[in-house]
Amino acid sequence: MDHIFSAKNRPLISNRLKTRSALFLLIAIVMLGIMAYDVIRGDAAWWMALAGIAVGLVIGFIFGRLARVRWHETEEKIVMQNDAMSVVLIVVYIGLAMLRNVLLHDILSGAALLAVTFALASGILFGRFLGMHISIMRVLHEGRSQHD
3 MDHIFSAKNR
13 PLISNRLKTR
23 SALFLLIAIV
33 MLGIMAYDVI
43 RGDAAWWMAL
53 AGIAVGLVIG
63 FIFGRLARVR
73 WHETEEKIVM
83 QNDAMSVVLI
93 VVYIGLAMLR
103 NVLLHDILSG
113 AALLAVTFAL
123 ASGILFGRFL
133 GMHISIMRVL
143 HEGRSQHD
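The sequence shown begins at 3 in the numbering used here and counts up by one.
This is how it looks when you write it as structure tokens:
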């Protein structure tokens with residue numbers, strides 16, 4: 003299966019975009035691990051964690067697909083323009099993180115609240131990674147079909 007980190011595609015993608023994608027994936031995996039630990043210990047219900055991941059995946063995938071990925075003629079690489087959507091997502095996430103105790107106080111607290119927050123955040127990051135991956139692969143395939 004073709005992916006953005008393959009040896010064939012690596013030279014065609016800007017280092018900044020590869021780094022951003024790898025960080026999204028790495029942070030998502032770490033957050034999933036922390037959330038899984040809390041679920042295994044019994045501090046959070048597995049269905050709440052899965053719900054958080056599912057909601058996060060949908061949100062992240064939408065934001066990932068909205069990323070402005072394009073071919074840069076001068077650099078001859080795929081780049082991602084800095085977009086306002088990334089800033090909006092970060093601001094919304096920080097706002098929700100600060101208000102999570104107020105918003106979810108009646109439903110969750112302590113480790114369960116942290117686990118669901120990590121599930122949601124990891125879902126967003128992984129969804130964003132998947133959405134960006136699809137956009138990058140689309141640009142790669144469009145570029146290859148134009149050169150064939």
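C-beta atoms are modelled at their ideal positions from N, C-alpha and C, and glycine is treated no differently.
Rounded Cβ spacing between residue i and residue j (contact assumed at less than 8 Å)
i	j	result
Leu115	Ala30	Not confirmed; about 19 Å, so no contact.
Phe120	Met33	4 Å
Val94	Gly54	About 15 Å; that fails the 8 Å criterion.
Met82	Val71	5 Å
Beta strand (DSSP E) segment containing residue i, residue limits
i	result
Arg72	Val71 to His74
Lys79	Lys79 to Met82
Terminal residues of the alpha helix (DSSP H) in which residue i lies
i	result
Arg67	Trp48 to Leu68
Leu34	Asn17 to Arg43
Heavy atom of the ligand FMN within 8 Å of residue i beta-carbon
i	result
Ile138	The ligand FMN is not part of the structure shown, which contains no ligands of any sort.
C-beta atoms of residue i and residue j nearer than 9 Å
i	j	result
Leu19	Met139	no
Gly125	Ala24	no
Leu14	Ile80	yes
Gly35	Gly129	no
Val141	Trp73	yes
Closest by C-alpha distance to residue i, when choosing among the options
i	options	result
Gly44	Val57, Glu78 and Gly112	Gly112
Leu52	Met37, Phe63, Phe65 and Leu28	Met37
Phe63	Leu142, Gly35 and Ser137	Ser137
Thr76	Ser16, Val41 and Leu28	Ser16
Ile92	Asn11, His5 and Phe26	Phe26
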